[in-house]
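These notes are about the structure you will find just below.
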Amino acid sequence: LVAETAALAPQAQCIGFKLFPEHGEQLLAFVCTAPEIAVVTLERADRLAQWASLQIALRTGAWVHTMGEVGDTRVRFEPARFAAWCERLDTDARRIERLLWRKRRCHVLYEDLTGEPEARAAALARVVDTIGAGPAPLRMPTIRRQDCRPARERFSNPEAVDAALADPALRLLMRPAPRPGR
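Residue numbering for the sequence shown follows this note's numbering, beginning at 1090 and increasing consecutively.
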């Protein structure tokens, strides 16, 4: 996303990096207090697909799309671990929301960046505007998904996924919690 944004708005002075909640409070505090830093939050709406991708990456070591095959990448679905992970995502997101409430920022969904051209253009336009480089003519980015299979097909035990999807409490966790500013 940073490379695409920089290419779209070469007149902007921007440096970007991924910051995860576990990177530590000092770094988060710096980002939150530096007025010149604009923030782009990236979230994936499909938590089941995100969980599957994470588990596959942990197992195979392939964190981004590669041209080579990595063999059978299906992983075992574990409902309790998935639920705990969803709860941690919500906890982290609420904490970061509290820290960032005064920041110049925009929120982008992964699905917009990998979806239809109009959604990609709109998401990138928000990013360019947030960093103060817009409006800029936008070229369509080429974002390659790690795995294009439906999330259910990424698991070796899809029946466990079906059972989890039937559980109303787990279904609630599968959606990102509503947060102000989103």
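Where is the CB? At the ideal position from N, CA and C, for every residue including glycine.
In the structure shown, Leu1259 falls within a helical segment according to DSSP collapsed to helix, strand and coil.
If you draw a straight line from the Cα of Ile1220 to the Cα of Pro1124, it is about 12 Å long. Counting only runs of 3 or more residues that sit fully inside the segment 1151-1198, the beta strand (DSSP E) segments are 1194-1198, in chain order. A straight line joining the alpha-carbon of Arg1165 with that of Tyr1199 spans about 24 Å.
DSSP lists no bridge partner for Glu1205.
In the DSSP assignment, Glu1242 falls outside any alpha helix (DSSP H), carrying neither H nor E. Ala1141 is a Cβ neighbour of Phe1244, given a cutoff of 8 Å. Closest in alpha carbon position to Arg1194, among Ile1126, Leu1108 and Arg1187, is Ile1126. Membership of Leu1117 in the alpha helix (DSSP H) is indicated by the continuous run Glu1114 to Thr1122. Between Asp1161 and Ala1240, the beta carbon gap of about 16 Å keeps them out of contact (Cβ cut-off 8 Å). Between the alpha carbons of Ala1258 and Gly1150 lies a gap of roughly 31 Å. DSSP, read as helix, strand or coil, puts Leu1131 in strand.
Around the CB of Leu1262, 16 or more other CB atoms lie within 10 Å, so the residue is classed as buried. Taking every protein chain shown into account, the CB of Phe1171 has 16 or more other CB atoms within 10 angstroms, so this residue is buried.
In the three-state scheme derived from DSSP, where H, G and I count as helix and E and B as strand, Arg1264 is classed as coil. Remark: C-beta atoms of Leu1189 and Val1129 do not approach each other more closely than 8 Å. Counting other Cβ atoms within 10 Å of its Cβ, Ala1222 reaches 16 or more and is therefore classed as buried.
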